[in-house]
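*Asks:* Here's a structure for you.
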Amino acid sequence: MARGRMLQNRISKSKKLAELSSDTVRLLYTWMLSHLDVNGNFYADPVMVNNIVFTRLNKSANDVQNALDELEQEGLIERYQINDEIYLTYPDFHEKQPKIQRDREASPEIPDKLKSNSRVTHTQDKIREDNIYAQKEALCAMFNKFWDAYPKKRSKGQAEKVFKKLKPDDLLLKTILEKLELLKLTDDWKKDKGQFIPYPATWLNAKGWEDEIEAEKKSRWS
């Protein structure tokens, strides 16, 4: 594998990277870059990727699997199969690494997708598509629960965009919904027919579920 790759500063201006769901996904994309071979390829087994790339970050293989799925969904990587092994490639690798000196690179350990007729099977493609669809459906269902619970129904599209970027798990959704029920009882949220309730997108961006309210403060100190 390579000792390093060139990271262009325009990456910080990339809209596609900015719209990824979390810093974990963005970090995986940038950190994997330094491990790509001369053809822009790397392992796609989440356990191997986690052990090699996220050595000290205490991420799980499931975290890496979800990040890889999102990167492929956004067209930032492609996965392929050769002899029952799954690999990945960066489609724009050669465009963004124009100064590679192939004669100074070690021979790649990973078979190149461009030189092989093997690819991920239709069954695996279908499983992955089904998984992505199921994740989207689950996220939509979670957003609907949030929207039903939020008392100010304004700018639904913006709220949904923020919610999907947040990608809460079941525990976080439970925390959010419980905090909303408490906030609905506060004077601030009841005042003037809810005039001072923030828009849902604003509340989500501000992580409003982490704010303390008077009832919680009194409970803590009583």
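Take any residue in the sequence shown, count from 1 to its spot, add 3: that is its number in our numbering.
By construction, the Cβ of each residue, glycine as well, lies at the ideal position given by its N, Cα and C atoms.
What's the call for Pro-203, buried or exposed, on a 16-neighbour Cβ count within 10 Å?
*Replies:* Buried: at least 16 other Cβ atoms inside 10 Å.
*Asks:* If you compare alpha carbons, which of Thr-178, Cys-143, Leu-185 is closest to Pro-154?
*Replies:* The shortest Cα separation from Pro-154 among Thr-178, Cys-143, Leu-185 belongs to Leu-185.
*Asks:* Judging by CA-CA distance, which residue of Asp-214, Val-50, Thr-58 is the nearest neighbour of Trp-34?
*Replies:* Per the Cα distances, Thr-58.
*Asks:* Starting from Glu-184, trace the alpha helix (DSSP H) in both directions and tell me its first and last residue.
*Replies:* Here the alpha helix (DSSP H) through Glu-184 covers 173-186.
*Asks:* Looking at C-alpha atoms only, which residue of Asp-190, Glu-213, Leu-169, Val-67 is the closest neighbour of Glu-181?
*Replies:* Of Asp-190, Glu-213, Leu-169, Val-67, the residue nearest in Cα terms is Glu-213.
*Asks:* Whole angstroms are fine: how far does the CA of Ala-21 sit from the CA of Ile-216?
*Replies:* Those two C-alpha atoms are separated by around 32 angstroms.
*Asks:* Report back the beta-carbon spacing between Thr-92 and Gly-160 to the nearest angstrom; my notes put them in contact at under 8 angstroms.
*Replies:* The Cβ separation is near 34 angstroms, so there is no contact.
*Asks:* Let me confirm a value: Phe-199 is counted as buried when at least 16 other C-beta atoms fall within 10 Å, else exposed. Which label applies?
*Replies:* Exposed: under 16 other Cβ atoms inside 10 Å.
*Asks:* Going along the chain, which residues of its own chain have a beta-carbon closer than 7 angstroms to the beta-carbon of Ile-103, five neighbours each way excluded?
*Replies:* Answer for Ile-103: Val-41, listed in chain order.
*Asks:* Restricting to runs no shorter than 3 residues, where is the beta strand (DSSP E) found entirely within the region 67-112?
*Replies:* The qualifying runs are 81-85, 88-92.
*Asks:* Just how far apart, CA to CA, sit Asp-66 and Asp-195?
*Replies:* If you take the alpha carbons of Asp-66 and Asp-195, they lie about 44 angstroms apart.
*Asks:* For Asn-44, name the three-state secondary structure that DSSP assigns.
*Replies:* Strand at Asn-44.
*Asks:* Can you tell which of Glu-73, Lys-116, Arg-29 has its C-alpha closest to the C-alpha of Ile-135?
*Replies:* For Ile-135, the nearest C-alpha among the options comes from Glu-73.
*Asks:* Take the Cβ of Leu-174 as the centre, count every other Cβ of all protein chains shown within 10 Å, and call the residue buried at 16 or more, exposed below.
*Replies:* Looking at its Cβ environment, which holds fewer than 16 other Cβ atoms inside 10 Å, Leu-174 is exposed.
*Asks:* Classify Gln-198 as helix, strand or coil using the three-state DSSP reduction.
*Replies:* Coil.
*Asks:* Once DSSP output is grouped into helix, strand and coil, what is the label at Ile-55?
*Replies:* Correct three-state label for Ile-55: helix.
*Asks:* Could you tell me if Thr-124 is buried or exposed, where buried requires 16 or more neighbouring beta carbons within 10 angstroms of its beta carbon?
*Replies:* For Thr-124, the pLDDT reaches just 48, beneath the cut-off of 50, and the residue's location in the model is therefore unreliable, although a value from the coordinates is still provided. Thr-124 should be labelled exposed.
*Asks:* Let's see if you can read the secondary structure: which residues bound the alpha helix (DSSP H) around Tyr-32?
*Replies:* Where Tyr-32 is concerned, the enclosing alpha helix (DSSP H) stretches over 26-36.
*Asks:* With distances taken from CA atoms, which of Tyr-83, Gly-78, Leu-31, Tyr-90 is nearest Ser-63?
*Replies:* Comparing Cα positions, the closest option is Leu-31.
*Asks:* Tell me the residue span of the alpha helix (DSSP H) that contains Thr-205.
*Replies:* Taken as a continuous stretch (DSSP letters only), the alpha helix (DSSP H) holding Thr-205 covers 203-208.
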